[in-house]
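Reminder that position 121 of the sequence shown reads as 121 in UniProt numbering, one-by-one numbering, no gaps.
Note that beta-carbon positions come from the ideal geometry of N, C-alpha and C, so glycine has one too.
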Amino acid sequence: MNHIRTITIGGKSIGPDHPPFIIAEMSGNHNQSLERALTIVEAAAQAGVHALKLQTYTADTMTLDISEGDFYIEDPNSLWKGNSLYKLYQEAYTPWEWHKPIFDRCRELGLIAFSTPFDESAVDFLESLDVPAYKIASFENTDLPLIRKVAATGKPIIISTGMATAAELDETVRAAREAGCKDLILLKCTSTYPATPENTNLRTLPHLQQLFDCQVGLSDHTMGTGVAVASVVLGATVIEKHFTLSRADGGVDSAFSMEPEEMNALVIETERAWQALGQIQYGPTEKEKPSLKHRRSLYVVQDMKAGDVFTKENVRAIRPGAGLAPKYYEQLLGRQVKCDVKRGTPVTWDLL
């Protein structure tokens, strides 16, 4: 993995040689309150995440105001059943005039702030705020004109790959790179809300990284931290999770969002997983070397006189490790000791 180039977003280095970059996705969890949105920013900073992300759209840039047919959510398994798409996006959108105060609060607290644009007007708006990077959502990962528009900014792009075939991703990545994208991160994503571990397929991560020669990560809609931690072992350098103050508060995405204590645990545990990866290593580490003395070794276990023969009764492999290694036990048996030795003496070659 370490040949993959480090990417910098907002002064933060991202790559295999750095701890995972954790993004808290606010989405619509502000419940149409700017005060709550700013409180979410503060909670995200306290939880230790590195970035906070918004979604930049309006109901009108997203869909049509129609409440029937394709525009109505009837899926009995959907969290949003019984809504029109238009009504859902009206409820979930982040007013564009909130972006600056939210981004300003992020900067004050040391968080990197950026957003997902859902159409070209959102890209122009976010450019006016000088965002350091862009995220493309799974449902837009085949919108090549939008991807070209974002790529033309020259800023790093993070793309969720939910539902996309390898052929579709090839078109997407090619479009982004041809339009000027040099820094690309692809996130494995399962576009169900919530997602389940068995539908996450993390083994895709190394293949995705090799296929497109770029950094990979996880946009995670599962509950808990286990899937995110596992993704780090398979090469994820970026992890994105929806974030809220409390799932009990409700909101369009609250059901699959992390609460502050959970997000803090995710930050800690994913970094631990990254630290544990280390490198291919055999033999004692520097920290282990003092423990070598606790290995088994050969010791005299009965007093012996000069000329006595080593037998199974008077020599044993025991702890600690000051004597010969146990592998010499058979060679030792039948040999004579050259001097008197007391019980508890480590066997060394100069006793023979």
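- When only Cα atoms are considered, G334 and Q275 end up about 50 Å apart.
- By the Cβ test, the stretch 104-114 is in contact with the stretch 26-44, since at least three Cβ pairs between them sit closer than 8 Å.
- Taking 8 Å as the cut-off, the Cβ atoms of A24 and K241 count as close.
- When only Cα atoms are considered, A195 and D253 end up about 13 Å apart.
- Between T94 and H50, the gap from beta carbon to beta carbon reaches 8 Å or more.
- A44 and P260 have their C-alpha atoms some 7 Å from each other.
- In the three-state reduction of the DSSP assignment, F118 falls in the coil class.
- Per DSSP, E269 lies in no beta strand (DSSP E) segment; the continuous alpha helix (DSSP H) that holds it begins and ends at P260 to L277.
- Here the C-alpha atom of V227 lies approximately 19 Å from the C-alpha atom of S138.
- The straight-line gap separating the alpha-carbon atoms of L292 and A317 is approximately 15 Å.
- Membership of I185 in the beta strand (DSSP E) is indicated by the continuous run L184 to C189.
- According to DSSP, K241 shares a beta bridge with A24 and D220.
- CA-CA distance, K338 to Q279, rounds to 47 Å.
- According to DSSP, P346 shares a beta bridge with Y299.
- F243 sits away from M62, with the two beta carbons spaced by 8 Å or more.
- Closest option to T56, judged by alpha-carbon separation, among A322, F118 and T200: F118.
- Setting aside the 5 residues that flank it on each side, L129 is surrounded in the same chain by H99, K100 and F103, each with a C-beta closer than 8 Å to its C-beta; the list follows chain order.
- According to the DSSP assignment, Q281 belongs to no beta strand (DSSP E), since it is labelled neither H nor E.
- Annotation for D340: K305 and A306 place their beta carbon closer than 6 Å to its own, counting only its chain and skipping 5 residues before and after.
- For I157, the beta-bridge partners assigned by DSSP are Y134 and L184.
- Counting along the chain, L52 sits inside the beta strand (DSSP E) bounded by residues A51 to T56.
- Partner residues in the beta bridge of Y72, as assigned by DSSP, are S84.
- Straight across, the Cα-Cα distance linking T190 with M163 is about 7 Å.
- By the criterion of a C-beta distance shorter than 6 Å, A92 is surrounded in its chain by G28 and V252, once the five residues flanking it on both sides are discounted.
- Per the DSSP secondary-structure output, I318 pairs in a beta bridge with S297.
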